[in-house]
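Structure, as structure tokens:
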Amino acid sequence: MNPLNLGGGPSFGRRGALLGLAGGLVAPGAAFGQASIDITTARTDPIPIAVPELAGTTPEGQRYGRDIARVIQNNLRGSALFRTVERGGFVQTPEAAAATPRFPDWKGIGAQALVTGKAEPQGDRVRVEFRLWDVLPEAQIQGTAFTAPAANWRRIAHLISDVIYERLLGEKGYFDTRVAYIAENGPRDRRTRRLAIMDQDGENHRFLTDGSFQALTPRWHPNAQQIAFMSYANNQPRVFLFNLETGRQEPLGSFAGMTLSPRFAPDGRSVILSSTRGGDANLFSVDLASRRERQITSGGGLDVSPCYSPDGAQIVFNSDRGGDQQLYVMDAGGGGPRRISFGRGRYATPVWSPRGDLIAFTRISGGQFAIGVMRPDGGGERILSEGWGMEGPTFAPNGRVLMFYRETPARDSRGNGYSARLSMIDIAGFNEKQVLTPTDASDPAWSPLLS
1 MNPLNLGGGP SFGRRGALLG LAGGLVAPGA AFGQASIDIT TARTDPIPIA
51 VPELAGTTPE GQRYGRDIAR VIQNNLRGSA LFRTVERGGF VQTPEAAAAT
101 PRFPDWKGIG AQALVTGKAE PQGDRVRVEF RLWDVLPEAQ IQGTAFTAPA
151 ANWRRIAHLI SDVIYERLLG EKGYFDTRVA YIAENGPRDR RTRRLAIMDQ
201 DGENHRFLTD GSFQALTPRW HPNAQQIAFM SYANNQPRVF LFNLETGRQE
251 PLGSFAGMTL SPRFAPDGRS VILSSTRGGD ANLFSVDLAS RRERQITSGG
301 GLDVSPCYSP DGAQIVFNSD RGGDQQLYVM DAGGGGPRRI SFGRGRYATP
351 VWSPRGDLIA FTRISGGQFA IGVMRPDGGG ERILSEGWGM EGPTFAPNGR
401 VLMFYRETPA RDSRGNGYSA RLSMIDIAGF NEKQVLTPTD ASDPAWSPLL
451 S
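Encoded structure:
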């Protein structure tokens, strides 16, 4: 079992938390159950998996083992693709299972997969050994060791969860990620909106701005170290960049009008945004190195909310150029715009799936909001969730889950009772659940995988 070292302190981002990446993975054994198990199957028949506490030889090691196992269990169960076996039925102790699993005991309680391991403090660091077993053929699927600053123990749990997800489902996981969002407080007509980030499960929350100005629409750089967002600092609505390593904020260029709805290009070298000039809004690309701007769309109307395809070859955006707010796709250089939304109502906030197969959107029709997906050619439109107010879909990095925000209506003219909360839903439209945050929340943006 080779070590995977997670260096650095409890800072945020790839370079801060994964400095000095080394080692590798133990060669895997047989494929899980020698069967074809995929996400479609797991939706209707979740994979039963046993996640006992990780063993520890000291009280502190036992505490890490208990807490890490709890996070792994919550991650897998929360995806709705796994069913975690109740611990009351476990026969083997964590220590015995970590040494040699007694497979008949685990088969007897219905487990098809088993997680074992141990956690040991090493000064101000913690070492975690983890093994994933296929119970039916009694074969090891994966074995890895992680060493990290003790403050990063939750990241180890998320990384292990991603390994389990990928090895048993054949697709990348999404647990070792963060979400940028807008933390909201106060009555609806006097909201304070701050830029904030957290782990995808709602832990390790952190405010990035102090609320002295309004913040909106955060978007991640592909390296997960920078966030573009719309800021009302000095009462000038402009796109700003926030560096997570330094905490520095700076405006992106000096446009004459308002700039809004930023999005990084897939290669991270530029930002596409919308800029208002006169009564129109057009799309511009800004090179991050030179800060030179290039206009992409022109003509009458409002072109906003641009998003690149994963390969950077196309851009989806919404525009009222045809008289109503609809979705359009064009070449990255601005050529060949074509309308792709034709359902009843107005369309907004399009975002391209990291897989390239779907575009998510907000649809407003008859006073109702909806979150949906369609193919990039406009076909196969499906509504995933509807309600009084919902908006701002964002994809997990594996393209299998969406996050958005849902509003509840005010009960009186002062805004009492109004709230905005984050929700997650599978792209098939099942397993919708709320993501808990310390305050009201809107405008979520899912980071890439951090490792």
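With UniProt numbering, the residue at position 24 of the sequence shown is 24, and numbering never jumps.
A virtual CB, placed ideally from N, CA and C, is assigned to each residue, including glycine.
Predicted model only: the values in this text are computed from it and were never measured.
Closest residue to residue i among the options (Cα-Cα distance)
i	options	result
residue 397	206, 175, 255	175
residue 80	271, 431, 108	431
residue 269	236, 226, 305	226
residue 371	356, 407, 377, 339	407
residue 386	400, 378, 375, 364	364
residue 54	47, 48, 65	65
residue 140	356, 131, 69	131
residue 50	239, 56, 71, 90	90
residue 236	359, 255, 228, 178	255
residue 48	68, 85, 451, 271	85
residue 343	68, 57, 382	382
residue 277	258, 356, 230	258
residue 323	339, 311, 329, 330	339
residue 96	52, 70, 83	52
residue 429	421, 404, 409	404
residue 311	189, 70, 357, 302	357
residue 379	409, 402, 341	341
residue 279	287, 292, 302, 261	302
residue 63	238, 101, 126	126
residue 352	74, 395, 417, 421	395
residue 345	263, 304, 366, 330	366
residue 317	170, 283, 267	283
residue 309	267, 319, 451, 293	267
Within 8 Å, strictly: CB atoms of residue i and residue j
i	j	result
residue 439	residue 393	no
residue 321	residue 336	no
residue 181	residue 443	yes
residue 433	residue 423	yes
residue 327	residue 350	yes
residue 315	residue 332	yes
residue 241	residue 252	yes
residue 272	residue 265	yes
residue 229	residue 217	yes
residue 400	residue 377	no
residue 164	residue 115	yes
residue 373	residue 202	no
residue 128	residue 150	no
residue 83	residue 46	yes
residue 261	residue 304	yes
Status (buried if at least 16 other CB within 10 Å, exposed otherwise) for residue i
i	result
residue 388	exposed
residue 437	buried
residue 36	With a pLDDT of only 37 at residue 36, under 50, the local geometry of the prediction cannot be trusted, and no value is derived from it.
residue 59	exposed
residue 215	buried
residue 207	exposed
residue 449	buried
residue 503	In the structure as shown, the chain starts at 1 and stops at 451, and residue 503 therefore has no counterpart that could be examined.
residue 285	buried
residue 87	exposed
residue 34	With a pLDDT of 38 at residue 34, under the threshold of 50, the predicted position of this residue should be treated as unreliable, though the coordinate-derived value follows. Exposed is the call here.
residue 99	exposed
residue 360	buried
residue 298	exposed
residue 21	Low confidence applies here, because residue 21 scores a pLDDT of 24, under 50, leaving its location unreliable and the question unanswered by this model.
residue 94	buried
residue 61	buried
residue 24	Residue confidence for residue 24 is low, a pLDDT of 31 falling below 50, so the modelled location carries little weight; the figure read from the coordinates is stated next. Looking at its Cβ environment, which holds fewer than 16 other Cβ atoms inside 10 Å, residue 24 is exposed.
residue 148	buried
residue 447	buried
residue 56	buried
residue 27	Because residue 27 carries a pLDDT of 33, less than 50, the predicted location of this residue cannot be relied on, and the following value inherits that uncertainty. By the 10 Å Cβ count, residue 27 comes out exposed.
residue 152	buried
residue 238	buried
residue 199	buried
residue 504	In the structure as shown, the chain begins at 1 and stops at 451. Residue 504 is therefore absent and cannot be evaluated.
Rounded Cβ spacing between residue i and residue j (contact assumed at less than 8 Å)
i	j	result
residue 347	residue 325	6 Å
residue 72	residue 160	6 Å
residue 178	residue 197	5 Å
residue 184	residue 441	7 Å
residue 306	residue 274	7 Å
Residue i at chain D interface by Cβ criterion, 8 Å
i	result
residue 205	The chain labelled as chain D is not found in the depicted structure, where only one protein chain is given.
Does the count of Cβ pairs from the stretch 183–193 and the stretch 205–220 closer than 8 Å reach three?
-> yes
Three or more C-beta pairs below 8 Å linking the stretch 167–174 and the stretch 214–222 = Taking 8 Å as the limit for Cβ pairs, the verdict is that the stretch 214–222 does not touch the stretch 167–174.
Could you tell me whether the stretch 105–114 touches the stretch 127–142, where touching means 3 or more Cβ pairs closer than 8 Å?
-> yes
Is the number of C-beta pairs between the stretch 68–85 and the stretch 95–105 that are closer than 8 Å three or more?
-> These segments do not touch.
Do the stretch 119–129 and the stretch 145–156 make contact, defined as three or more Cβ pairs closer than 8 Å?
-> yes
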